[in-house]
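Residue numbers (our numbering): 9 to 246. Reviewing the structure listed below.
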Ligand code: NAD
């Protein structure tokens, strides 16, 4: 049973499932397709090299969708937890949507990148670009150099997730490690629970169905995150 004091160190790993009730499709829910596309066609550096137009339009669709969705009670419950734990809570998300930050989470790492941001492969600068003119099927040129084609600031399969040293350091130190809305298929994120277990953390899961690494959880709550988390956070803090 989880017990929190303001000193409890907590790392939470979220995945696509936490945004499902906001209307963003998960990846595994649709037979390994992401919005009708095979991952290798849209989410690898080779796909970007081979068919940039397809990849660009796919991500422009995902980027535009951010304007139509709102954070749900699961995102909001994690903000309440952060208000109690302060810097002792680190939220690590695999999600590329912006719903955690729009809900108000502050101590947040987007380990797989962010849809809002475009990146220059020449000068390596990043730009938050969500105006109407940045969301069309036209490539967006780099404002800082002569490159005519920014890429999505997304960690594609075969690329290295962001801020891994910080993430591992926090997981090795935490008292409680939680997974929420993630299937446990995508590594290295799916392996963080092994590190947490080896360091003696209590591992708690909230997911619609049993994830791949189900047996590593000490406590598991099955159901929709938006329905379960507000009550769980209430219980944990009372
Ligand atoms: P996944 O799609 O592989 O798994 C989602 C998990 O969430 C499943 O186990 C499913 O049972 C569960 N789930 C579905 N609805 C739920 C709900 N309402 N409450 C709780 N659980 C629910 O997702 P993943 O593990 O995050 O891996 C997919 C990869 O695809 C990630 O790298 C991610 O970056 C990317 N992705 C991101 C988004 C997003 O940003 N919202 C959406 C799709 C895919």
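A virtual CB, placed ideally from N, CA and C, is assigned to each residue, including glycine.
Give me, in chain order, the residues of the same chain whose beta-carbon lies closer than 7 Å to that of residue 201; leave out the 5 immediate sequence neighbours on both sides. 185, 187, 211, 221 and 224
Taking the C-alpha atoms as reference points, what is the distance between residue 127 and residue 156? 11 Å
In the DSSP assignment, find the beta strand (DSSP E) that holds residue 135 and state where it starts and stops. 134-136
Inter-stretch contact at 8 Å, needing at least 3 Cβ pairs: the region 40-52 / the region 84-103: no
What would DSSP say about residue 32, mapped onto helix, strand or coil? coil
Indicate the three-state DSSP secondary structure (helix, strand or coil) for residue 46 in the structure shown. strand
Quick check: what's the CA-CA separation for residue 14 versus residue 111? 21 Å
Using only CA atoms, which one of 167, 65 and 216 lies nearest to residue 197? 167
Confirm the yes/no value for this check: CB of residue 102, any heavy atom of the ligand NAD, distance under 8 Å. yes
What does the alpha-carbon distance come out to for the pair residue 27 and residue 215? 12 Å
Indicate the three-state DSSP secondary structure (helix, strand or coil) for residue 63 in the structure shown. helix
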